[in-house]
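Right, one structure below, let's go through it.
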Amino acid sequence: MGDLRNSDYYAKNQGNDVSSNHEGGFGVSVMELRDLMELRGSEAVVKIQEEYGDMDGLCQRLRTSPTEGLTGDDLDKRKEVYGENLIPPVKPKTFLQLVWEALQDVTLIILEVAALISLGLSFYQPPGGDSGESCGTAAAGAEDEGEAEAGWIEGAAILLSVVCVVLVTAFNDWSKEKQFRGLQSRIEQEQKFQVVRGAQVIQLPVADIVVGDIAQIKYGDLLPADGVLIQGNDLKIDESSLTGESDHVKKDADKDPMLLSGTHVMEGSGRMLVTAVGVNSQTGIIFTLLGAGEPVEEEKKKEKGKIQDGNMENNQTKVKKQDGAAAMEMQPLKSAEGGEMEEKEKKKANVSKKEKSVLQGKLTKLAVQIGKAGLVMSAITVIILVLYFAVDNFVLQKRPWLTECTPIYVQYFVKFFIIGVTVLVVAVPEGLPLAVTISLAYSVKKMMKDNNLVRHLDACETMGNATAICSDKTGTLTTNRMTAVACYVGDVHYKEIPDPGALTAKSLDILVNAISLNSAYTTKILPATKEGGLPMQVGNKTECGLLGLVLDLKRDYQPIRNQIPEEKLYKVYTFNSARKSMSTVIKLSDGSFRMYSKGASEIVLKKCTKILNQEGEPRVFRPRDKDEMVKKVIEPMACDGLRTICVAYRDFPADPEPLWDNENDILNELTAVCVVGIEDPVRPEVPDAIIRCQRAGITVRMVTGDNINTARAIAIKCGIIHPGEDFLCIDGKEFNRRIRNEKGEVEQERMDKVWPKLRVLARSSPTDKHTLVKGIIDSCLTDQRQVVAVTGDGTNDGPALKKADVGFAMGIAGTDVAKEASDIILTDDNFSSIVKAVMWGRNVYDSISKFLQFQLTVNVVAVIVAFTGACITQDSPLKAVQMLWVNLIMDTFASLALATEPPTEALLMRKPYGRNKPLISSTMTKNILGHGIYQLVIIFSLLFIGEQIFDIDSGRHAPLHSPPSEHYTIIFNTFVLMQLFNEINARKIHGERNVFDGIFRNPIFCSIVFGTFAIQIVIVQFGGKPFSCTPLDLEKWGWCTFLGLGELVWGQVIATIPNSKLRFLRGAGQLTKKNEMPGDEDMNEDNEEIDHAERELRRGQVLWFRGLNRIQTQIDVVNTFKSGSSYQGQLRRQSSTTSQNQDVTNVSSPSHVSLSNALSPTSPAGQC
4 MGDLRNSDYY
14 AKNQGNDVSS
24 NHEGGFGVSV
34 MELRDLMELR
44 GSEAVVKIQE
54 EYGDMDGLCQ
64 RLRTSPTEGL
74 TGDDLDKRKE
84 VYGENLIPPV
94 KPKTFLQLVW
104 EALQDVTLII
114 LEVAALISLG
124 LSFYQPPGGD
134 SGESCGTAAA
144 GAEDEGEAEA
154 GWIEGAAILL
164 SVVCVVLVTA
174 FNDWSKEKQF
184 RGLQSRIEQE
194 QKFQVVRGAQ
204 VIQLPVADIV
214 VGDIAQIKYG
224 DLLPADGVLI
234 QGNDLKIDES
244 SLTGESDHVK
254 KDADKDPMLL
264 SGTHVMEGSG
274 RMLVTAVGVN
284 SQTGIIFTLL
294 GAGEPVEEEK
304 KKEKGKIQDG
314 NMENNQTKVK
324 KQDGAAAMEM
334 QPLKSAEGGE
344 MEEKEKKKAN
354 VSKKEKSVLQ
364 GKLTKLAVQI
374 GKAGLVMSAI
384 TVIILVLYFA
394 VDNFVLQKRP
404 WLTECTPIYV
414 QYFVKFFIIG
424 VTVLVVAVPE
434 GLPLAVTISL
444 AYSVKKMMKD
454 NNLVRHLDAC
464 ETMGNATAIC
474 SDKTGTLTTN
484 RMTAVACYVG
494 DVHYKEIPDP
504 GALTAKSLDI
514 LVNAISLNSA
524 YTTKILPATK
534 EGGLPMQVGN
544 KTECGLLGLV
554 LDLKRDYQPI
564 RNQIPEEKLY
574 KVYTFNSARK
584 SMSTVIKLSD
594 GSFRMYSKGA
604 SEIVLKKCTK
614 ILNQEGEPRV
624 FRPRDKDEMV
634 KKVIEPMACD
644 GLRTICVAYR
654 DFPADPEPLW
664 DNENDILNEL
674 TAVCVVGIED
684 PVRPEVPDAI
694 IRCQRAGITV
704 RMVTGDNINT
714 ARAIAIKCGI
724 IHPGEDFLCI
734 DGKEFNRRIR
744 NEKGEVEQER
754 MDKVWPKLRV
764 LARSSPTDKH
774 TLVKGIIDSC
784 LTDQRQVVAV
794 TGDGTNDGPA
804 LKKADVGFAM
814 GIAGTDVAKE
824 ASDIILTDDN
834 FSSIVKAVMW
844 GRNVYDSISK
854 FLQFQLTVNV
864 VAVIVAFTGA
874 CITQDSPLKA
884 VQMLWVNLIM
894 DTFASLALAT
904 EPPTEALLMR
914 KPYGRNKPLI
924 SSTMTKNILG
934 HGIYQLVIIF
944 SLLFIGEQIF
954 DIDSGRHAPL
964 HSPPSEHYTI
974 IFNTFVLMQL
984 FNEINARKIH
994 GERNVFDGIF
1004 RNPIFCSIVF
1014 GTFAIQIVIV
1024 QFGGKPFSCT
1034 PLDLEKWGWC
1044 TFLGLGELVW
1054 GQVIATIPNS
1064 KLRFLRGAGQ
1074 LTKKNEMPGD
1084 EDMNEDNEEI
1094 DHAERELRRG
1104 QVLWFRGLNR
1114 IQTQIDVVNT
1124 FKSGSSYQGQ
1134 LRRQSSTTSQ
1144 NQDVTNVSSP
1154 SHVSLSNALS
1164 PTSPAGQC
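Structure follows, in structure tokens:
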């Protein structure tokens, strides 16, 4: 790890502990333990022997027992002396910091400057009384003094509305941050670890582990603290997260007992004494150094003699630069064990990065295009207004430019500028990112109730586009409650569990001992918690099924285990995916050895040369006997959907002692004892969930390690396959034969012949799972790229979970490593929860579309009205402050209202949208254009003939500081009411007639519509000069509301027009069409377009990013979309400067939004 003891942090934080050496009556200080944890291998063993005698000596000094653990009465003192097992999270931003960030928005700054100039100039009075004449139309108009003095109001009102926008933004940020932190603490509490306290094995939240605890570690764990191994069986650790070395390190109590937090247990099991927690653990030290600033670079290089340094440093500076977004970022999944970050950085180099999320790709292009259009419109507006004013005054009326009139002219130019900015403000859809955020955050919160713990926000949306799900069998499709229901013992095939009397005492003893000793001692069957309930199965479920068999044979496994405790087991070959078996060696009283073995029946039987007969004596077991047994026993069991496990044993002489490391010789020449058929019933809700998936256009494939017959039987029960259909059920061996060429390489062409029909892949290894997922994703058979979801629970499922578009890890049965690699954790391990995730994903997509339909209608109308109004009447009918209010309605409120629609079953009745479908469908385009036309006709009618209709004074051509007119108030009011009623229309985007359907199921929507209406009444009646409004009487309110209600009627008219009649609509909405298919020619053009837009951004021109900057969480979301790593904390920030190494095009914008296209030229997808 390098010598970290010189670091400033170390000195600063540990100063007090040095003085209080051996504080609290413990025989060893934090400092000594920390020194000890710096050592590796034999150095550490020597140090322990020199300082403490042996491990027992160290345990005594820490006042703990290696077998019974802590008594639990001095836990607080231990936390005080040695620290708690958590790394303090980054301090959240204060509300004022968030306000300051919201103020950084370019558009707001432009508005503020314009408002301040307008404010300053309004107080300037030109000298001399005849200025009115000499300054021409600039000062014309019947202004009395009171009105002239009221000139400051507009500037002040704009400032006030800016303040409102900033406060709303900051509050949004603040509440989002609070939500994320809540979610984070929930994730931390979820993670439990097994420790021994008071001789009882208990599950503790990771944060409660203290120095001196005896922790039980097993395959798949992610170590939560540093410790020293007391006893281990075949223990191998992946320390790449700390050292960068990918080889697994063998740990042994006598040779290398040092275990470090943040590392993964890849094989075996054992017990460790916890010696350092929280900030004192190795991971904690790195974390704290990362937070401590630049001087640490030196030490970091020592720690990680690896190339990832570049990434780390960049990450660190990035964290500083991106403080805005970093506050929103989650800490790593378990803040008590960091260190995963470096491992991730390393993996990023070899795992091709996930493509941009479907929705993000589409939104990015759309927003950039709208931004450009808005920019052009606003520029033209300002130029036309300035030219018109100049030509009218100085050319047509031949007025000279008088110096004393300059401020008045400037005032006009400022007013024109404000109008231009207002057009831009309305044109820019800054509510888009907010809508995405709200929709995702809302969905994520609700998905928690549906047992989906979402770790990466974009996974939620990607699930809506899923076309394939590769699911595990055990625990996901089945209940994972294993019960032995049949067995073959002593040459007899029992269809039910036999009476103990039917077996010879010898066979029974060997069988009971083999099962009791050759299983993890953490696996137990506990009495039922409820009266009449089933006994509780703890630990590995297959082993629980076998222990259940022992209990059914009226024997007890616990006395046998007590007789030979875990530390007396001579050698353990733990289960792994290569062995597919587990073996335990014990030393018998006469000095000889006996090895018990159990595992998949086909695999273990191949290694058997004898079998116990009816008398319990071994007889020869010939190859033809094996074939007969497979046909008559194993296949019938498998066809009933049973998992078959073979139990066997072998005796070894005391002298010479076998070479235990020579595994192939040891695990051979076994004597079979029995074959057990274990049933794992299908979950009752799964068949229905699978039917719903198939109806929704999603193919479900089962990938399992079980025997092909068992897998097929379960697949039929689940409804994945139906007899008589054309499908493939193959095992791993056959799968590899079909997809690999003579050289053993996977060929995409061969894969494309297999995957479309494949429904069940049995006896598959984790590599097969990864190959299948990669093959489906890279395939070019269909015009749409397949979007694949994968479930996994084992450590070795990590690569497949990473490769998939969405990885689901099991919350109950899943190992920490699987959870770390996943996007969503299923807290109930249930397949039907995946279907709910699909529903929510589709709902997110629809919510964004609803919002877009509403937003674009408002945008089109507002921009055209402001633009043409300004050009014809030299003044926008909608004033800057009114525009800001409209903006607030359509951005913040509408996104809240439309993004919180709950999902319905109807979402599962259609096929996935796919990656190439334009974001704006032809129905949506029809609605946008239709409603746009209606609104423009109404607004322009009111603008040009409104004064005649209502018999009021015209508001057109009003002088600079004239009072608000009734005419323009009616236009503003009608405009807002039309938007309100159109918001109800926007609830449906597939041409449904009933727009009120289910409206009361969404109280947020109702309250926002009524709330907006109430505020509008207040603005019009009491807004006065700041809002450029004058109170309206009831009749005029009635007319405004009537015109607004016309939207609903007009909506029905639009719905009647069939899309087929509107040919031109097919091309519309294609602005998002050319999408991210890897290797496309257009890809580079797309990239250039976005690059170009980003360069414009740097000059602060494309202001749609206003929204991204205004609402910090969005930054988070878009970044999440980009890297799929929202919750992985600021440590894993994607560094745009090092991205070339990963063949990723990253462009960093001022808002820290990187729009990246992860297209590795080397990937097979590139050859499509």
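For the sequence shown, this note's numbering begins at 4 and goes up steadily by one.
Cβ coordinates follow ideal geometry from the N, Cα and C atoms, glycine included.
Here the structure is a predicted model, which is why all the values come from computation and not from measurement.
Contacting residues, own chain, Cβ-Cβ under 7 Å from residue i (five flanking each side not counted)
i: A902; result: A438, I441, S442, Y445, S850 and F854
i: E950; result: D956, S957 and H970
i: C62; result: S68, P69 and L276
i: S519; result: V553, Y560, I563 and R564
i: V447; result: V457, L460 and C463
i: C721; result: L480, V685, V689, P690 and I693
For residue i, the nearest candidate out of the options (CA to CA)
i: P769; options: S580, S836 and W758; result: S580
i: L362; options: A279, D461 and L456; result: D461
i: D654; options: R627, L591 and S272; result: L591
i: M813; options: V204, S474 and N710; result: S474
i: K601; options: P621, K557, C642 and A523; result: A523
i: I220; options: K258, M705 and S264; result: S264
i: G201; options: G680, G72 and D786; result: G72
i: D257; options: H934, L480, Q52 and P95; result: Q52
i: V979; options: S243, A105, F174 and V861; result: V861
i: T647; options: I606, T674, T612 and D658; result: I606
As assigned by DSSP and simplified to three states, the class of residue i
i: P503; result: helix
i: L901; result: helix
i: K253; result: strand
i: M485; result: coil
i: F811; result: strand
i: V757; result: helix
i: G235; result: strand
i: G837; result: This sequence places Ile at residue 837; Gly is not what is there. Helix.
i: T479; result: coil
i: F29; result: coil
i: A47; result: helix
i: A821; result: helix
i: E345; result: Residue placement at E345 is flagged as unreliable, the pLDDT there being 34, under the threshold of 50; the coordinate-derived value follows with that caveat. The answer is helix: DSSP assigns E345 an H, G or I state.
i: S522; result: coil
Own chain, CB closer than 6 Å to residue i, minus 5 neighbours either side, in chain order
i: V31; result: R64
i: M1086; result: A caution first: M1086 carries a pLDDT of 37, below 50, which makes its placement in the model unreliable, though a value can still be read off. Excluding positions up to five away in sequence, the list is empty.
i: G619; result: T507, K509 and S510
i: A1071; result: Residue confidence is low: A1071 scores 46 on pLDDT, short of 50, so the model does not pin down where it sits. No coordinate-derived value is stated.
i: R274; result: I217, Q219, I233 and Q234
i: T702; result: A471
Close Cβ partners of residue i (< 8 Å) along its chain, the five nearest in sequence each way excluded
i: V515; result: V553, L556, R558, Y560 and I563
i: L1035; result: E969, T972, I973, N976, V1023, Q1024 and C1043
Environment of residue i [buried if 16+ CB atoms lie within 10 Å]
i: T713; result: buried
i: F1025; result: exposed
i: P906; result: buried
i: G810; result: buried
i: F98; result: exposed
i: W404; result: exposed
i: H934; result: buried
heavy atom of the ligand HEM below 7 Å from residue i C-beta
i: N744; result: The ligand content of the structure shown is nil, which means the ligand HEM is not present either.
- Message: What ranges does the alpha helix (DSSP H) occupy inside the segment 959-1036, keeping only unbroken runs of at least 4 residues that lie completely in it?
- Response: The segment 959-1036 contains these whole alpha helix (DSSP H) runs: 969-988 and 1006-1025.
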